[in-house]
Amino acid sequence: EAHHHLVSMASPTDQRIIATADDAIRTKHAAVHAGYYEDDYIDTFVQSCAPSARQVQPIIKRGTHARVACMDRAISSFLASHQLASKIQIVVVGAGKDTSYFRFRDGSLMGTSDSNNNATRPCDWYDVDHSLVIEEKSRIIGDSETLASQYPLKPTSHGFTCTTNDQKYTLIGHDIREDPSVLIKKLNLDATLPTLFLTECVLMYVPEADSKALLSALSAAVKNASVVCYEPILGSDPFGKMMQQNLLQVGVATRDSCLVRTRTLQNQVEKLVEAGFIKASGCNMWSAYQSVVTAEQRQRANRCEFLDEMEEWVLIMQHYCFLVGTTTDDTDTESALLSLIPKPPQGFSINK
281 EAHHHLVSMA
291 SPTDQRIIAT
301 ADDAIRTKHA
311 AVHAGYYEDD
321 YIDTFVQSCA
331 PSARQVQPII
341 KRGTHARVAC
351 MDRAISSFLA
361 SHQLASKIQI
371 VVVGAGKDTS
381 YFRFRDGSLM
391 GTSDSNNNAT
401 RPCDWYDVDH
411 SLVIEEKSRI
421 IGDSETLASQ
431 YPLKPTSHGF
441 TCTTNDQKYT
451 LIGHDIREDP
461 SVLIKKLNLD
471 ATLPTLFLTE
481 CVLMYVPEAD
491 SKALLSALSA
501 AVKNASVVCY
511 EPILGSDPFG
521 KMMQQNLLQV
531 GVATRDSCLV
541 RTRTLQNQVE
551 KLVEAGFIKA
561 SGCNMWSAYQ
571 SVVTAEQRQR
581 ANRCEFLDEM
591 EEWVLIMQHY
601 CFLVGTTTDD
611 TDTESALLSL
621 IPKPPQGFSI
631 NK
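Throughout the sequence shown, residue numbering follows this note's numbering, covering 281 to 632 in sequence.
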């Protein structure tokens with residue numbers, strides 16, 4: 281109740297952006313319960329959402345499964361390419377109620393080859409979001425017997441944290457529209473460790489200039505940074521224009537937002553390179569579905585539900601993209617992430 285009272289005090293735009301955390305976890309919950317993938321923590325996090333009468337359509341569940349499969353595979357590739365590192369850092373920007381950290385720890389990320397190792401893998405993991413979202417996430421963890429005993433969070437000046445053995449899990453309250461140098465201070469990363477930054481449908485809400493400043497701050501925060509993004513690409517066709525109209529009407533984006541300004545796959549990849557990720561590649565999600573998502577995962581999705589809106593599904597997937605960037609020229613460690621993206625014409629890449 282306290283959380284809903286605090287949210288009601290937030291500005292209307294903030295309220296709508298905070299509500300996207302609930303939307304995302306609801307669609308993931310629907311996909312998990314339809315059998316697309318496993319997530320033992322989703323029920324715990326969905327319970328806190330305000331009830332919604334809206335049915336999640338099969339087309340949305342399948343898209344959500346593809347999105348999670350791609351992000352999981354990116355995390356798994358990063359883990360595999362840094363087996364010899366003394367420790368790694370993973371930062372989820374705009375984490376919402378995402379359960380990736382807990383699935384990483386119990387070895388249930390999709391596409392993880394050496395999952396047994398993750399339970400003890402030295403890793404500092406940071407979930408960053410609006411302070412209201414972070415407060416609620418910490419409350420959900422604290423109210424769950426299983427999670428509270430494994431991850432006993434303590435308050436900090438910027439959020440919450442817990443350290444067990446050589447593993448730190450930290451929740452950080454930060455509005456990504458604010459000065460990114462403040463976020464870098466709050467994170468207080470070890471600049472010598474390999475670091476993966478993840479953003480899913482986060483930059484789309486932010487003004488273009490702010491998104492560039494944020495990405496530049498992330499690329500400069502550590503010596504060896506990788507970034508993985510999942511974002512809409514509206515292009516200039518009727519479907520993209522309709523998407524834009526819907527999102528502007530709902531009030532989560534404005535005409536200055538990246539959603540409107542960064543319209544193509546090429547724009548998205550160029551933005552990563554301009555921000556200091558000197559090698560960057562991307563593809564639309566329809567290409568990713570056929571290459572990053574595995575044949576086994578596609579077969580499982582086909583068994584879950586019949587999809588009769590095939591043309592619409594392909595159109596939707598062509599209007600989202602999966603992006604990877606890295607700041608190092610060290611081909612061995614980073615090629616695993618970059619090689620997830622198919623070669624042109626399916627993919628687009630820049631090697632500065």
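Quick reminder that beta carbons are idealized off the backbone N, C-alpha and C, glycines included. Remember, predicted model here, so these are calculated numbers, not experimental data.
Nonlocal neighbours in the same chain, by C-beta distance under 8 Å from I339, ignoring five residues either side: As a position in the sequence shown, residue 339 is number 59, starting the count at 1. For I339, where only same-chain residues beyond five positions count, the Cβ hits under 8 Å are L587, E589, E592, W593, I596.
Quick check: R296 and V532, are their CB atoms within less than 7 Å of each other? In the sequence shown, the residue the question calls residue 296 occupies position 16. In the sequence shown, the residue the question calls residue 532 occupies position 252. The answer is yes: Cβ separation under 7 Å.
T534 classed as buried or exposed, judged by whether at least 16 other C-beta atoms fall within 10 angstroms: Counting from one through the sequence shown, the residue named residue 534 turns up at place 254. Answer is exposed; the Cβ neighbour count stays below 16.
Just how far apart, CA to CA, sit K367 and C350? Within the sequence shown, residue 367 is the residue found at index 87, counting from 1. Within the sequence shown, residue 350 is the residue found at index 70, counting from 1. Their backbone Cα atoms lie some 23 Å apart in a straight line.
DSSP puts S561 in a beta bridge; with which residues? Here the question's residue 561 lines up with position 281 in the sequence shown. DSSP output for S561 lists V604, S629 as bridge partner(s).
Given a threshold of 16 other Cβ atoms within 10 Å of its Cβ, counted over all protein chains shown, does P334 qualify as buried or as exposed? Locating residue 334 in the sequence shown gives position 54, counting from the first residue. First, the residue type needs correcting, since residue 334 is Arg and not Pro in the sequence shown. By the neighbour-count criterion, in which 16 or more other beta carbons inside 10 Å mark a residue as buried, R334 falls on the exposed side.
Taking the alpha-carbon positions, what's the G374 to S615 distance? Sequence index remark: in the sequence shown, residue 374 carries index 94 (1-based). Sequence index remark: in the sequence shown, residue 615 carries index 335 (1-based). For G374 and S615, the gap between their C-alpha atoms comes out near 26 Å.
Judging by CA-CA distance, which residue of D352, D294, R342, A330 is the nearest neighbour of A310? Translated into positions along the sequence shown, residue 310 becomes position 30. Cα-wise, what sits closest to A310 is R342.
With DSSP run on the structure shown, which of helix, strand or coil describes R580? Along the sequence shown, one-based indexing puts residue 580 at 300. Residue state, collapsed to three classes: helix.
Inspect the beta-carbon positions of I420 and F325 and report whether they are closer than 7 Å. One-based indexing of the sequence shown puts residue 420 at position 140. One-based indexing of the sequence shown puts residue 325 at position 45. Yes, these two residues count as a Cβ contact at 7 Å.
Report back the beta-carbon spacing between L451 and F440 to the nearest angstrom; my notes put them in contact at under 8 Å. On the sequence shown, position 171 is the one that residue 451 refers to. On the sequence shown, position 160 is the one that residue 440 refers to. With a Cβ gap of about 4 Å, L451 and F440 count as contacting.
Please state whether DSSP places L476 in a helix, a strand or coil. Start at 1 with the first residue of the sequence shown, and residue 476 comes out as number 196. In the structure shown, L476 sits in a strand (DSSP, three-state: E or B).
Could you check whether the Cβ of G453 sits closer than 7 Å to any Cβ belonging to chain C? The displayed structure is made up of one protein chain only, and chain C is not part of it.
Within its chain, find whatever has a CB closer than 6 Å to the CB of A505; leave out the 5 residues flanking it on each side and keep chain order. The count along the sequence shown starts at 1 and reaches residue 505 at position 225. For A505, where only same-chain residues beyond five positions count, the Cβ hits under 6 Å are T475, S499, T607.
Please check the pair N631 and C601, which I expect to be a contact at CB under 8 Å, by giving their CB distance rounded to whole angstroms. Counted from its first residue, the sequence shown places residue 631 at position 351. Counted from its first residue, the sequence shown places residue 601 at position 321. Rounded to the nearest angstrom, the Cβ distance from N631 to C601 is 18 Å, too far for a contact under 8 Å.
For L587, name the three-state secondary structure that DSSP assigns. Within the sequence shown, numbered from 1, the residue matching residue 587 stands at position 307. L587 falls in the coil class under three-state DSSP.
Excluding the five sequence neighbours on either side, which residues of its own chain have a C-beta within less than 8 Å of the C-beta of D323, listed in chain order? For the purposes of this step, residue 323 is taken as the residue at position 43 of the sequence shown. Contacts found: H309.
Inside the stretch 385-470 only - beta strand (DSSP E) runs reaching at least 3 residues: Here the runs fully enclosed are 403-409, 439-444, 447-453.
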